[in-house]
Amino acid sequence: MRNLSVAKFGGTSVANHAAMVACAKIVTADPNTRIVVLSASAGITNLLVELAAGCDEGKREQLLVEVRRIQENILNELADASLVRPEIERLLESIKSLSEAASLATSPALTDELISHGEMMSTRIFIQVLRELNVQATWLDVRNLIATNSNFGKAAPDDEKTLKNSRLILKPLIDHGELVITQGFIGRDEKGRTTTLGRGGSDYSAALIAEILEAKDVLIWTDVAGIYTTDPRVVPQARRIDTMSFAEAAEMATFGAKVLHPATLLPAVRSNIPVYVGSSKAPQDGGTWVTRDPQPRPTFRAIALRRDQTLLTLSSLNMLHAQGFLAKVFGILAQHKISVDTITTSEVSIALTLDKTGSTSSATDLLSRDLLSQLSEICTVKVDTGLSLVALIGNDLHIASGVAKRIFSTLENYNIRMISYGASTNNICMLTYSEHADDIVRALHKELFEN
Ligand code: ADP
Ligand code: ASP
Ligand code: MG
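Take the sequence shown: its position 24, counted from the start at 1, is 24 in full-length UniProt numbering, and no numbers get skipped.
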């Protein structure tokens, strides 16, 4: 359906009544937008993740009150909440009983079930916001659409089943001319259990839905007017990038630009669907179009920052002139479903960072005791935390002359713990101590983007 757009609104865009009304106006202003994907209201998913981890009664009560407060604030602004209040009360009750269960024994399946309630509530309320603007919309439980595997916390969609579901339940609604409101972030496994696609996964949901409907584009409405040369919260001088390629956006997302979930670009690239990023608060400010092959492709495109990195240094004299050591290490990491992010090696040691990108919805630690003890059997293991990864994203960085000189002279006063340069033509990664990360981003941005 090449005249169809899928719009997605993030947490801050549905944080309160006024923000929801702004979203409703964006939807109604564009007749092509026939399906809307929503996140939970800002703050809700974090609270639900905490509840799902299990806590004592006092803490639980406090978190439940906070969840209720956020939703009540919106309900109280509605002209008539009576149509939606009973459903929100039912969902709040369900959150309460699932939280009690989590405090007795938590599990990944229970966590996903619990945190899915955020999107359930925001979509129910949004239907009423639209109704009060005289817009009729149909609420769809996205779990009947997005089929996934059972990898709770970071479930992978089953494209074939999802397409089948779409033919049965979504396409008929769209063909009938209905405006469909549904949830991002969540899906359902074969056994009927709720799953989630990983934190920030609503962008991914929107792109998946755009792909199955063969939509003309995905419109990601958020709290910034596009994708910037770096996070505008860190560098106010950051500039909006008007057009960029899928590849550049994917690199940015992978290396920490939270504005897009890293998986969003998968369906977009596969099916060549342009992605637009704009501000729901200020749609008139314009935004960024991410497409397959826009021009120009500058050497320096953007700087991404990923905080909270873990560095593993593995040393063993057995590595000297030996074969197969890396294979063993990678084998153990793979067994624990951990993918390696950046890596450098020397004669007797390997330093690597762990990839937390698109990490699971629950905040479980990547480095289990079991993993560390398995690694310790073959080498000495050192774990460093408090690190951040700064990635310079660009084009043909490996052949551009003078790149390294510009970077290192800009950063001569900072301690860089590890560098990855050359593996990709699109990025240069530097691992730094977190306390210097913002300053490094600012200094690099000034040198490369503010002249
Ligand atoms: P949403 O809730 O709408 O999904 P997110 O908080 O996930 O929004 O993403 C938007 C945020 O991404 C912005 O507020 C901004 O701080 C951050 N961000 C990080 N890097 C960039 C960038 N390069 N350009 C724009 N925003 C960025
Ligand atoms: N509500 C989910 C989260 O906070 C999904 C999303 O916002 O994209 O991670
Ligand atoms: Mg997001």
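Ideal Cβ placement from N, Cα and C applies to all residues, glycine included.
None of these values were measured; they are calculated from a predicted model.
Whole alpha helix (DSSP H) runs in the stretch 252-297 with 4 or more residues, listed along the chain? 265-270
Tell me whether Val113 is buried or exposed, calling it buried when 16 or more other Cβ atoms sit within 10 Å of its Cβ. According to the sequence provided, residue 113 is Glu. The question's Val does not apply to it. So Glu113 counts as buried.
Tell me whether Thr45, by its Cβ, gets closer than 7 Å to a heavy atom of ligand 2. In this structure, Thr45 has its beta carbon less than 7 Å from a heavy atom of ligand 2.
My assumption, with CB atoms under 8 Å, is that Lys171 sits in contact with Asp223. Please give the rounded CB distance. Rounded, the Cβ-Cβ distance is 32 Å, inconsistent with contact.
Rounded straight-line distance, which links the Cα of Leu208 to that of Pro267: 6 Å
Looking at ligand 2, does it come within less than 7 Å of Asp203, judged from the CB to the closest heavy atom? yes
Gln183 - partner residues in DSSP beta bridges: Looking at the DSSP assignment, Gln183 forms a beta bridge with Leu38.
To the nearest whole angstrom, what separates the beta carbons of Lys446 and Asp203, a pair I think is in contact under 8 Å? Contact doesn't hold; Cβ gap of about 30 Å is too wide.
Distance between beta carbons of Gly278 and Ala225, contact taken as under 8 Å: Their Cβ separation, rounded to whole angstroms, is 6 Å, which keeps Ala225 and Gly278 in contact under 8 Å.
Pairwise C-alpha distance: Asp439 and Ile343: 24 Å
For Val290, verify whether its CB is less than 7 Å away from any heavy atom of ligand 1. no
Backbone CA spacing between Val383 and Leu366 [nearest angstrom]: Taking the straight line from one Cα to the other gives about 12 Å.
Considering only the beta carbon of each residue, do Val390 and Val441 sit closer than 8 Å? In contact: Val390 and Val441 (Cβ atoms closer than 8 Å).
According to the Cβ coordinates, are Ser116 and Thr196 closer than 8 Å? yes
When burial is assigned at 16 or more other CB atoms within 10 Å of the CB, is Phe408 buried or exposed? exposed
Please go through the same chain and pick out, in chain order, the residues whose beta-carbon is closer than 7 Å to the beta-carbon of Ile70, but skip the five residues on each side of it. Ser41, Gly43 and Ile44
Span separating the alpha-carbon of Lys328 from that of Ala334: 10 Å
Between Val14, Asp30, Pro31 and Ala101, which lies nearest to Leu75 when the distance is taken from Cα to Cα? Val14
Determine the burial state of Asp217: buried for a count of at least 16 other Cβ atoms within 10 Å of its Cβ, exposed for fewer. buried
Ser388 to Thr230 span [Cα, whole Å]: 15 Å
Beta-carbon distances below 5 Å to any heavy atom of ligand 5 define the shell here; list its residues in chain order, please. Absence of ligand 5 is noted for the structure shown, with ligand 1, ligand 2 and ligand 3 being the only ligands found.
Three-state secondary structure assigned by DSSP to Gly177: coil
Does the Cβ of Glu119 lie closer than 7 Å to at least one heavy atom of ligand 2? yes
According to the neighbour-count rule (16 or more other Cβ atoms, all chains shown, within 10 Å of its Cβ), is Gly422 buried or exposed? exposed
Residues bridged to Cys379 (per DSSP): DSSP lists no partner for Cys379.
For Ala206 versus Val37, is the C-beta distance shorter than 8 Å? yes
Pairs of beta-carbons, one from the stretch 184-201 and one from the stretch 143-163, closer than 8 Å: are there three or more? Counting Cβ pairs under 8 Å, three or more are found: they touch.
Check whether the stretch 18-26 and the stretch 269-277 are in contact - that is, three or more C-beta pairs closer than 8 Å. no
Touching by the beta-carbon criterion (3+ pairs, under 8 Å), the stretch 236-250 and the stretch 297-313: When C-beta atoms of the stretch 236-250 are compared with those of the stretch 297-313, three or more pairs fall below 8 Å, so the two segments count as touching.
With a CB to CB cut of under 7 Å and the five nearest residues on each side skipped, what residues in its chain are close to residue 461? Because the chain in this structure spans residues 1 to 451, residue 461 falls outside the shown range and cannot be described.
Asn73, enclosing alpha helix (DSSP H) - first and last residue: Glu57 to Leu75
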